[in-house]
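Following: one structure in structure tokens, then a few remarks.
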Amino acid sequence: MTTSYQFPHAVPGPASVQSPTWHCGDPFAEQRSAHHNGALIDFRHLAVLSISGEDSPSWLHSLLSQKVVDMPADSTTRSELRRAHVLDAHGHILEECWVARTSDGYLLATPQSHQHSLLDYLTSMMFWSRVTVTATDHTVTAILGPIAPEDAADVAQSTSEAPENTTA
1 MTTSYQFPHA VPGPASVQSP TWHCGDPFAE QRSAHHNGAL IDFRHLAVLS
51 ISGEDSPSWL HSLLSQKVVD MPADSTTRSE LRRAHVLDAH GHILEECWVA
101 RTSDGYLLAT PQSHQHSLLD YLTSMMFWSR VTVTATDHTV TAILGPIAPE
151 DAADVAQSTS EAPENTTA
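Residue numbering for the sequence shown follows UniProt numbering, beginning at 1 and increasing consecutively.
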């Protein structure tokens, strides 16, 4: 008897923005394919905060668990991502985010359910620092593997134009 399992989010169609596809049935083959051919990962379920201002590199560096002052300032369509956490005084994780550097500051991507708490925390820590923290309507798309930069920008653009309730 042969059984096969079809992963519910593996086929294009209506999908919840809150539940992204983890994999499509064979994670090891998918990892090999991404390494050799490239892959597009849709992170529209993440909310994006913008951090700008003269003090933003040192200010974020003092608040996050990841070193962000040495991140290269790339364009808004292509950037290095670093995973970072906000920790409490005992080292427990309060918030998790992905950090990207842009020419005018930083973008922090966090789960939508944590957007307001992270925004409130960052706003409360501004004190006299010359920074601005704002919520944005940006979306995040990760492109992995040997995809040419111009192809990556085209794919990211077409994904941002796709309706939110479908998989790209």
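No residue lacks a Cβ here, since even glycine has one placed at the ideal position from N, Cα and C.
query, result
"Among 138, 103, 82, whose alpha-carbon lies nearest the alpha-carbon of residue 73?", "103"
"Grouping DSSP H, G and I as helix and E and B as strand, with all else coil, what is residue 63?", "helix"
"Spell out whether any CB of chain B is found under 9 Å from the CB atom of residue 126.", "Absence of chain B from the displayed structure is noted, only one protein chain being present."
"What residue does the beta strand (DSSP E) around residue 95 start on, and which one ends it?", "93 to 102"
"So, with DSSP's three-state summary, where would you put residue 35?", "helix"
"Rounded to the nearest angstrom, how far is the Cβ of residue 99 from that of residue 68, given a contact under 8 Å?", "5 Å"
"Which same chain residues end up closer than 6 Å to residue 41 when comparing Cβ atoms and leaving out the 5 residues on each side of it in sequence?", "142"
"For the segment 115 to 131 and the segment 45 to 53, state whether three or more C-beta atom pairs, one from each stretch, are separated by less than 8 Å.", "yes"
"Residue 85 lies in the beta strand (DSSP E); which residues open and close that run?", "81 to 87"
"So, helix, strand or coil for residue 134, using DSSP?", "strand"
"Could you tell me the boundaries of the beta strand (DSSP E) in which residue 129 lies?", "From DSSP, residue 129 is part of no beta strand (DSSP E); its letter is neither H nor E."
"Spell out the partners DSSP gives residue 143 in its beta bridges.", "40"
"For residue 111, name the three-state secondary structure that DSSP assigns.", "strand"
"Excluding the 5 residues flanking residue 134 on each side, which residues of the same chain have their C-beta closer than 6 Å to its C-beta?", "50"
"Between the C-alpha atoms of residue 35 and residue 29, what's the straight-line distance to the nearest angstrom?", "10 Å"
"Can you tell me whether residue 11 is buried or exposed, with buried defined as 16 or more other CB within 10 angstroms of its CB?", "Here the model assigns residue 11 a pLDDT of 44, short of 50, so the residue's position is not dependable and the matter cannot be decided."
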